[in-house]
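Q:
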Amino acid sequence: MATSAALPNSEARNHFANVARFIPGVLLLAVIGFAGKILEQSINGYAKAHHLVIPNVEYVLWAIAIGLLIANTVTIPKIFLPGIATYEFWLKAGIVLLGARFVVGDVLKLGGISIALVVLEISGSLILMTLLGRLFNLKPKLTSLLAIGSAVCGVSAIIAAKGAIDADDEDSSFAIAAILALGAIALVTFPLIGHALHMSDNAYGLWSGLAVDNTAEATAAGALYSDVAGKVAVLAKTTRNATIGFVVLGYAIYWASRGQAEKVKNKGAFLWNKFPKFVLGFLVISLLVSVHVFNKEQVGTLANLSRWAFLLTFAGVGLRTNFREMSKQGVRPFIVGALGEILIAGLTLGLVVAANAIWKL
Amino acid sequence: MYRPIRQKVQAGGFFVLQAEQLKEAEAALSRLNRSPSMSEENKIATEATRLGLSLDVWAVITAFLLALLVRVGVLKHVPW
C-alpha cells in the first residue's frame with residue numbers, strides 16, 4: 001500500500017522537477033527581453049524630452065545585444081541552460097500566434113509570391129553550396145548539410161538531415177556553427193543594406209525571410225527593420241520551412257542510393273515526420289481570424305502574445321550565440337558558408353527586386 | 362525452484378548490457394559537449410519527443426490553448 005501510494009507522489013515530484021528546471025532560464029529570457037523593451041522606451045523617452053534626434057534602436061536589437069554580451073563575457077551557470085534552450089519553443093508558439101495578424105488573403109498573396117521565390121532560392125542555394133563545398137574540398141556530407149541548412153531553414157534542417165543522411169556529429173556541429181555565425185552577421189548587415197537600398201517593408205521582409213537561414217534570426221532581422229517587415233519575414237521563412245521534408249528526403253534518397261545512408265521505407269511518413277507542424281498552426285489561426293472567430297480586441301491580444309513570445313526568442317538568440325565556441329569549429333566551413341550566404345543574399349535580393357517590379361510588393 | 366547459476370548469468374548479462382549502455386551514453390554526451398550551443402536544444406527536443414509529441418506540436422498546442430483562453434475571455438487584454 002505504502003509503495004503504491006508513494007509512487008504517484010514521486011512521479012508527481014519528478015514531473016514538477018522536470019518543469020521547474022526550465023524556470024530559471026525562461027525567467028532570464030524574460031528579464032533580458034523586457035530589459036531590451038525598457039531600454040528602447042527609456043532612450044526614446046529621454047531623446048523626446050530633451051529634443052534630441054537619435055536613431056531608434058529597436059527592443060529586438062537591445063535584447064539580442066544584452067544576450068550576446070552575457071554569453072560572450074561570462075560563463076552562464078548551468079541552472080539557466082535548459083530554460084534558455086526553450087527559445088525555439090517560444091519562437092514556434094509565437095509564429096502560430098502571429099497567424100492572427102494575417103488574413104487568409106494576405107497569406108495567399110504574399111505566400112504565393114514566397115512559394116515562387118522559395119523554389120528559385122532553394123534550387124540556387126543547393127547548387128551554389130554544393131559547388132563551393134567541392135571547390136573548397138569539404139567532406140561531401142558536410143557539404144550536403146551546409147547546402148540544406150542554407151537552402152531551407154538553418155539549424156532545424158541540419159538536425160533533420162543529420163539522421164536522414166547518417167552524417168557525423170562533427171559535420172553537423174560544423175554546419176550548425178557556420179549557419180549560426182552567419183545568422184548573427186545577417187542581423188547587423190541586413191537592416192543596413194535594406195535601409196541603404198530604401199527597400200519597402202514588404203520587400204525587405206521577403207528578402208530576410210528568403211536569405212537568412214535560421215528562423216529565429218530571420219524573424220529578428222525582419223523585426224529589426226520594422227514590425228511589418230518582421231511579419232512578412234516570418235511568412236516567407238515559414239514557406240521555406242514547409243519545404244524541409246522534400247529537400248531532406250531528396251538528400252536521404254541520394255545518400256541511400258550511394259549506400260551511405262539507410263533507405264527511406266515510407267516516404268509519406270517521412271515527409272509528415274519532417275514537416276514543421278507550426279506552419280499548420282499558423283494557417284489555422286490565420287483562417288480562424290479570417291472567418292471572424294476572434295473579435296478585433298482578441299486579435300490584438302493574440303498579436304501581443306506573439307510579440308511576447310518573440311521577445312523571449314530574441315533574448316535566446318543572443319544568449320546562445322557564443323563566438324568563442326563557434327571559432328573552435330574551424331574556419332573552412334565558415335568561409336564556404338560565408339561565401340555561399342553572400343551569393344545567396346545577392347541572388348535573393350535580385351529575386352525580390354524583380355518580384356517587386358512585377359507585383360508591387 | 363531456485364537456480365543460482367542461471368540467475369548469475371542473467372545478472373552478468375544485465376550488467377554487461379548496462380555497461381554497454383553507459384558507454385554509449387558517455388559517447389553521446391561527449392559528442393553533445395562538443396557542440397555546446399546545440400546540446401541543450403537537442404536535449405529539449407528529444408525530451409519533448411519522448412513524451413510522444415514533437416517540440417513543434419507542443420508549441421502549436423500551447424499557442425492554441427492561449428488562443429482558446431483569449432476566445433473564451435479568460436485572457437482579456439495582454440498589453441504590449
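So the sequence lines, in the order shown, correspond to chains A and B. Under this note's numbering, the letters of the first sequence match residues 1 to 361, in that order. Under this note's numbering, the letters of the second sequence match residues 362 to 441, in that order. Beta carbons: idealized from backbone N, C-alpha and C, even for Gly.
1) Of the residues A:Leu-206, A:Gly-245, A:Val-247 and A:Asp-227, which one's Cα is nearest the Cα of Lys-237 (chain A)?
2) If distances are taken between C-alpha atoms only, which option among A:Lys-231, A:Val-19 and A:Ala-357 comes closest to Leu-91 (chain A)?
3) Closer than 8 Å by beta-carbon distance: list the chain A residues that pair up with Leu-427 (chain B), in chain order.
4) Please list the partners that Val-431 (chain B) has in chain A, where partner means a Cβ-to-Cβ separation under 8 Å.
5) Ignore the nearest five residues each way along the sequence and tell me which others in Val-248 (chain A)'s own chain have a CB closer than 6 Å to its CB.
6) If you draw a straight line from the C-alpha of Leu-305 (chain A) to the C-alpha of Leu-61 (chain A), how long is it?
7) Taking 8 Å as the CB-CB limit, is Gly-281 (chain A) close to chain B?
8) With 16 other CB atoms within 10 Å as the buried threshold, where does Leu-197 (chain A) fall?
9) Would you mind reading off the limits of the alpha helix (DSSP H) that contains Val-433 (chain B)?
10) Apply the 10 Å Cβ neighbour rule to Gly-99 (chain A) and answer buried if 16 or more other Cβ atoms are within range, or exposed otherwise.
11) Among the residues of its own chain, which have a CB less than 6 Å from the CB of Gly-281 (chain A), if the five just before and after it don't count?
12) Check the Cβ-Cβ distances between Phe-89 (chain A) and every residue of chain B, and say whether any is below 8 Å.
13) Can you confirm whether the stretch 125-139 of chain A touches the stretch 335-351 of chain A when touching is taken to mean that 3 or more C-beta pairs between the two stretches lie within less than 8 Å?
14) List the residues of chain A that Val-418 (chain B) touches, going by C-beta distances under 7 Å, in chain order.
15) Does Gln-298 (chain A) pass the burial test, meaning 16 or more other C-beta atoms within 10 Å, or should it be called exposed?
16) Let me know the secondary structure DSSP gives Gln-260 (chain A) once reduced to three states.
17) Along the alpha helix (DSSP H) that carries Gly-350 (chain A), what are the first and last residues, could you check?
18) Can you find at least 3 beta carbon pairs, one from the stretch 246-265 of chain A and one from the stretch 282-298 of chain A, that sit closer than 8 Å?
19) Taking three-plus beta-carbon pairs below 8 Å as touching, is the stretch 75-90 of chain A in contact with the stretch 18-25 of chain A?
20) Below 9 Å on C-beta distance, what does Ile-285 (chain A) contact in chain B?
21) Thinking C-alpha only, which one of A:Leu-349, A:Met-199, A:Ala-175 and A:Asn-322 is nearest Ala-71 (chain A)?
22) So the candidates are A:Leu-28, A:Gly-149, A:Phe-16 and A:Ala-17; which of them puts its Cα closest to the Cα of Gly-340 (chain A)?
23) Quick check: is the beta carbon of Val-435 (chain B) nearer than 8 Å to any beta carbon in chain A?
24) Where Ile-244 (chain A) and Pro-55 (chain A) are concerned, what is the direct C-alpha to C-alpha distance, given to the nearest angstrom?
25) According to DSSP, simplified to helix, strand and coil, what is Arg-320 (chain A)?
A: According to the structure shown:
1) The residue given as residue 237 (chain A) occupies position 237 in the first sequence. The residue with the shortest Cα to Cα distance from Lys-237 (chain A) is A:Leu-206.
2) The count along the first sequence starts at 1 and reaches residue 91 (chain A) at position 91. For the residues A:Lys-231, A:Val-19 and A:Ala-357, the minimum Cα distance to Leu-91 (chain A) belongs to A:Lys-231.
3) Numbered from its first residue, the second sequence carries residue 427 (chain B) at position 66. The answer, in chain order, is Ala-93, Leu-97, Leu-302 and Leu-305.
4) Residue 431 (chain B) sits at position 70 when you count from the first residue of the second sequence. Within chain A, the residues near Val-431 (chain B) are Phe-294, Gln-298, Thr-301, Leu-302 and Leu-305.
5) In the first sequence, residue 248 (chain A) corresponds to position 248, counting from 1. Same-chain partners within the cutoff: Ala-160, Ala-161, Ala-164 and Lys-274.
6) Indexing the first sequence from 1 puts residue 305 (chain A) at position 305. Indexing the first sequence from 1 puts residue 61 (chain A) at position 61. Roughly 19 Å separates the two Cα atoms.
7) Against the first sequence, residue 281 (chain A) aligns to sequence position 281. Yes - at least one Cβ of chain B is within 8 Å of the one on Gly-281 (chain A).
8) Position 197 of the first sequence, counted from the first residue, corresponds to residue 197 (chain A). Exposed, because fewer than 16 other Cβ atoms sit within 10 Å of the Cβ of Leu-197 (chain A).
9) For the purposes of this step, residue 433 (chain B) is identified with residue 72 of the second sequence, where counting begins at 1. From DSSP, Val-433 (chain B) is part of no alpha helix (DSSP H); its letter is neither H nor E.
10) Reading the first sequence from its first residue, position 99 is the one you call residue 99 (chain A). Around the beta carbon of Gly-99 (chain A), 16 or more other beta carbons sit within 10 angstroms, so the residue counts as buried.
11) On the first sequence, position 281 is the one that residue 281 (chain A) refers to. For Gly-281 (chain A), where only same-chain residues beyond five positions count, the Cβ hits under 6 Å are Val-96.
12) Along the first sequence, one-based indexing puts residue 89 (chain A) at 89. Yes, contact with chain B.
13) yes
14) One-based indexing of the second sequence puts residue 418 (chain B) at position 57. Correct list: Lys-277.
15) Within the first sequence, numbered from 1, the residue matching residue 298 (chain A) stands at position 298. It is buried - the Cβ of Gln-298 (chain A) has at least 16 other Cβ atoms within 10 Å.
16) Here residue 260 (chain A) refers to the residue found at position 260 when the first sequence is read from its first residue. Note: Gln-260 (chain A) maps to coil in three-state DSSP.
17) Here residue 350 (chain A) is taken as the residue at index 350 of the first sequence, counted from 1. Taken as a continuous stretch (DSSP letters only), the alpha helix (DSSP H) holding Gly-350 (chain A) covers 332-359.
18) A contact between stretches requires three or more CB pairs, one per stretch, nearer than 8 Å, and the stretch 246-265 of chain A fails this requirement with the stretch 282-298 of chain A.
19) Because the criterion of three Cβ pairs below 8 Å is met, the stretch 75-90 of chain A and the stretch 18-25 of chain A touch.
20) Locating residue 285 (chain A) in the first sequence gives position 285, counting from the first residue. Neighbours of Ile-285 (chain A) on chain B, chain order: Ala-424, Phe-425 and Ala-428.
21) Taking the first sequence and counting its residues from 1, the one referred to as residue 71 (chain A) is at position 71. Comparing Cα-Cα distances from Ala-71 (chain A) to each of A:Leu-349, A:Met-199, A:Ala-175 and A:Asn-322, the minimum goes to A:Asn-322.
22) Here residue 340 (chain A) is taken as the residue at index 340 of the first sequence, counted from 1. Per the Cα distances, A:Gly-149.
23) Locating residue 435 (chain B) in the second sequence gives position 74, counting from the first residue. Using a Cβ-Cβ cut-off of 8 Å, Val-435 (chain B) does not count as an interface residue toward chain A, since no Cβ of chain A sits closer than that to its own.
24) To locate residue 244 (chain A), count along the first sequence from 1; it is residue 244. To locate residue 55 (chain A), count along the first sequence from 1; it is residue 55. Using only the alpha carbons, I get a separation of about 38 Å.
25) The sequence position of residue 320 (chain A) within the first sequence is 320, counting from 1. It is coil, neither helix nor strand.
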